[in-house]
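Have a look at the structure below, then the notes.
Number of protein chains: 2
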Amino acid sequence: MTKSQFARGDGRPSRRERVREATLSEIKAIARRHLVDHGTAGVSLRAIAREMGMTAPGLYRYVSGIDSLLILITADMFTELADAVAEADASVPDRETDLRILTSLRAFRSWAVAHPAEFATMFGPRARLDPEADPAPALEAGRRFGATFYTLFDRLLSEERFPLPDGDRITPELARELRAFADSCGFSAPHIPVEAIMVLSSCWVRLYGVVCMEVFQHLDFVMQDMEPLFESELQNLLAGLGVRYRPPESSTPVTIGTPP
Amino acid sequence: MTKSQFARGDGRPSRRERVREATLSEIKAIARRHLVDHGTAGVSLRAIAREMGMTAPGLYRYVSGIDSLLILITADMFTELADAVAEADASVPDRETDLRILTSLRAFRSWAVAHPAEFATMFGPRARLDPEADPAPALEAGRRFGATFYTLFDRLLSEERFPLPDGDRITPELARELRAFADSCGFSAPHIPVEAIMVLSSCWVRLYGVVCMEVFQHLDFVMQDMEPLFESELQNLLAGLGVRYRPPESSTPVTIGTPP
DNA sequence: ACGCTTTAGTGAACACCGTTAGCAAACACC
DNA sequence: GGTGTTTGCTAACGGTGTTCACTAAAGCGT
Numbered sequence: 001m002t003k004s005q006f007a008r009g010d011g012r013p014s015r016r017e018r019v020r021e022a023t024l025s026e027i028k029a030i031a032r033r034h035l036v037d038h039g040t041a042g043v044s045l046r047a048i049a050r051e052m053g054m055t056a057p058g059l060y061r062y063v064s065g066i067d068s069l070l071i072l073i074t075a076d077m078f079t080e081l082a083d084a085v086a087e088a089d090a091s092v093p094d095r096e097t098d099l100r101i102l103t104s105l106r107a108f109r110s111w112a113v114a115h116p117a118e119f120a121t122m123f124g125p126r127a128r129l130d131p132e133a134d135p136a137p138a139l140e141a142g143r144r145f146g147a148t149f150y151t152l153f154d155r156l157l158s159e160e161r162f163p164l165p166d167g168d169r170i171t172p173e174l175a176r177e178l179r180a181f182a183d184s185c186g187f188s189a190p191h192i193p194v195e196a197i198m199v200l201s202s203c204w205v206r207l208y209g210v211v212c213m214e215v216f217q218h219l220d221f222v223m224q225d226m227e228p229l230f231e232s233e234l235q236n237l238l239a240g241l242g243v244r245y246r247p248p249e250s251s252t253p254v255t256i257g258t259p260p
Numbered sequence: 001m002t003k004s005q006f007a008r009g010d011g012r013p014s015r016r017e018r019v020r021e022a023t024l025s026e027i028k029a030i031a032r033r034h035l036v037d038h039g040t041a042g043v044s045l046r047a048i049a050r051e052m053g054m055t056a057p058g059l060y061r062y063v064s065g066i067d068s069l070l071i072l073i074t075a076d077m078f079t080e081l082a083d084a085v086a087e088a089d090a091s092v093p094d095r096e097t098d099l100r101i102l103t104s105l106r107a108f109r110s111w112a113v114a115h116p117a118e119f120a121t122m123f124g125p126r127a128r129l130d131p132e133a134d135p136a137p138a139l140e141a142g143r144r145f146g147a148t149f150y151t152l153f154d155r156l157l158s159e160e161r162f163p164l165p166d167g168d169r170i171t172p173e174l175a176r177e178l179r180a181f182a183d184s185c186g187f188s189a190p191h192i193p194v195e196a197i198m199v200l201s202s203c204w205v206r207l208y209g210v211v212c213m214e215v216f217q218h219l220d221f222v223m224q225d226m227e228p229l230f231e232s233e234l235q236n237l238l239a240g241l242g243v244r245y246r247p248p249e250s251s252t253p254v255t256i257g258t259p260p
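Chains as they are written, first to last, in full-length UniProt numbering: chain A, 1 to 260; chain B, 1 to 260.
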């Protein structure tokens with residue numbers, strides 16, 4: 001165990017570190033493209049290696065297996081989504097909380113419908129990923145994704161926009177879990193009531209449901225354009241939070257009264 | 001193209017037909033077990049054949065490929081789920097519409113959490129299943145699953161339990177799609193307003209969301225027991241439909257006041 | 001400049017997988 | 001019994017993940 005050639009005194013990465021990072025990025029980029037084109041099952045180490053001009057076992061210097069690779073790109077996708085949502089949130093003035101929320105939620109849906117394959121692996125069933133693989137990186141990135149919504153919700157909470165429901169249905173054990181979650185995700189306020197976390201979870205579940213339904217195309221035989229349903233759900237959801245709803249500006253020019 | 005040995009004059013199936021049906025059932029049963037144990041990716045023709053004491057190519061006499069087999073068992077699972085929901089619905093007196101709805105919805109969740117692997121393939125992303133395979137059988141079985149909810153919702157509608165929302169956000173094109181859906185699924189009433197179908201879709205989306213979230217374990221790091229959240233969502237959902245909510249009888253003995 | 005250590009990548013191999021083609025046995029019916 | 005259908009097999013092709021032994025190169029210290 002001598003001094004590693006990777007660690008240098010200064011912060012700058014060594015040459016080897018740079019090229020290593022580059023090939024890892026290439027691996028993930030190709031994997032990502034295969035994921036988009038052929039789904040989760042279409043990502044294979046051999047195909048990636050072939051495309052890179054090397055052999056599959058060589059990839060094991062960079063990735064400990066196919067599952068681990070999938071977790072890696074899942075983490076990347078979460079950061080991407082988090083950036084997209086944060087960017088949308090930052091695009092409106094800080095004070096306009098209501099519009100920020102509206103914009104962030106719509107950004108979430110837009111990203112999802114624009115990246116169905118990614119969304120499926122991020123939010124779909126945890127099929128692959130045997131218990132051996134460590135999903136920590138993806139979880140960490142997912143936390144960053146939630147941060148935008150947490151802070152916005154926190155502001156709503158401090159402004160007392162909506163009444164908290166009764167905690168009758170909240171088991172002491174559940175309350176303990178909710179509290180542990182609030183602590184873990186770094187909620188800014190010191191004491192968030194568990195009822196509030198319950199409300200947040202409920203909202204998230206409703207958003208998740210309508211977006212999943214659209215991306216997974218499980219209502220295809222009912223309707224093709226799911227935007228009206230999404231907006232309707234958004235409206236109901238925000239009403240319960242005391243947030244002023246505003247219809248989308250000009251996403252799709254569809255109203256009941258067709259222009260002349 | 002001579003007379004088939006399978007078609008007999010009388011209705012009774014021939015011996016050959018019987019044994020054929022039996023082996024097909026065995027194939028599906030084993031595939032189902034592998035699905036439950038190892039997920040969708042864990043279903044392989046070779047493993048099934050090995051377990052049956054035959055070889056993989058032999059299975060092609062019964063199934064046209066792995067995708068087709070997955071569709072077949074998906075259809076079976078839909079009928080199973082439909083039966084479970086219908087049975088729960090039939091277990092309460094016909095007149096008690098509210099309780100029937102409550103029971104049916106809870107039966108849906110119970111089946112889902114008891115059969116997570118099945119639920120994932122039924123309601124998860126359509127990953128496998130290339131466009132070549134014909135998903136008709138699964139779709140047909142899914143329709144039967146929805147029938148129970150359709151009729152219950154239809155009764156609510158005829159009793160005018162809830163006010164219909166404005167159709168402002170419903171595009172003419174969307175209205176046409178909604179109408180086509182209402183016709184296709186055999187809604188009993190002659191003229192269902194499209195706004196009602198919108199409400200039904202919204203309710204279904206909310207139910208789908210909370211159950212997906214639980215089965216896919218995407219809120220694991222927040223809470224372990226998702227029943228309170230489900231019940232809360234159920235309560236809100238039914239309130240919007242004018243249905244009287246009643247807490248579950250004794251599913252899990254958890255109340256805020258712990259017994260002495 | 002030399003030697004030594006660490007790393008990158010290869011080739012062969014094993015054990016799987018889906019799928020097709022050709023062929024032999026079992027079966028049902030006339 | 002003869003005949004055509006149905007069934008299941010073997011062989012084969014191409015694909016996958018993963019391990020192991022091995023070579024070549026790159027980096028580092030002296």
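Note that the Cβ used here is the ideal one computed from N, Cα and C, for glycine as well.
Predicted model only: the values in this text are computed from it and were never measured.
Contact list for residue i against chain B, beta-carbon separation under 7 angstroms
i      : result
M77/A  : Result: empty, since nearest Cβ-Cβ is about 14 angstroms, beyond 7 angstroms.
L174/A : M223, D225, P228
8 angstroms Cβ cut-off: residues of chain A touching residue i
i      : result
L229/B : M198, S201, S202, V205
H218/B : F123, Y208
V222/B : E177, L178, F181, I197, S201
Within chain B, partners of residue i - CB distance below 8 angstroms
i      : result
S232/A : P165, R169, M198, S202
Residue range of the unbroken alpha helix (DSSP H) whose run includes residue i
i      : result
F145/B : 136–158
S110/B : 97–114
F162/A : Segment: none, F162/A is in no alpha helix (DSSP H) and carries neither H nor E.
R179/B : 172–184
Contacts that residue i makes with chain A (C-beta to C-beta distance below 9 angstroms)
i      : result
V120/B : With the sequence shown as reference, residue 120/B is identified as Ala, and Val is not the correct amino acid for it. Simply G124, P125, R126, A127.
8 angstroms contact criterion, which residue i and residue j should meet: CB distance rounded
i             : j      : result
V243/A        : R155/A : The pair is not a contact, with the Cβ atoms about 11 angstroms apart (cut-off 8 angstroms).
E195/A        : G240/A : That pair is no contact at about 13 angstroms.
S232/B        : M213/A : At roughly 20 angstroms, the Cβ-Cβ gap does not stay under 8 angstroms, so S232/B and M213/A are not in contact.
I73/A         : L35/A  : 7 angstroms
L99/B         : F145/B : Not confirmed; about 20 angstroms, so no contact.
V113/A        : V215/A : 6 angstroms
residue 265/B : I71/B  : Within the shown structure, residues of chain B are numbered from 1 to 260, placing residue 265/B beyond reach of any answer.
L234/B        : Y245/B : 7 angstroms
A56/A         : A49/A  : 5 angstroms
A84/B         : A107/B : 6 angstroms
C185/A        : R126/A : No, C185/A and R126/A are not in contact; Cβ-Cβ is about 20 angstroms, not under 8 angstroms.
L207/B        : L139/B : Between L139/B and L207/B the Cβ distance is about 20 angstroms, and since that is not below 8 angstroms, they are no contact.
L200/B        : F123/B : The pair is not a contact, with the Cβ atoms about 17 angstroms apart (cut-off 8 angstroms).
M52/B         : I30/B  : 7 angstroms
T103/A        : A88/A  : 5 angstroms
F78/B         : A141/B : 3 angstroms
L174/B        : M223/A : 6 angstroms
Neighbour list for residue i in chain A, Cβ cutoff strictly below 7 angstroms
i      : result
M213/B : V205, Y208
- Item | Those runs of the alpha helix (DSSP H) which lie wholly inside the stretch 11–87 of chain A and span at least 4 residues | 15–38, 45–52, 56–59
- Task: Run through the stretch 197–247 of chain B for me and flag every whole beta strand (DSSP E) of 3 or more residues, listed as ranges in chain order.
- Result: none
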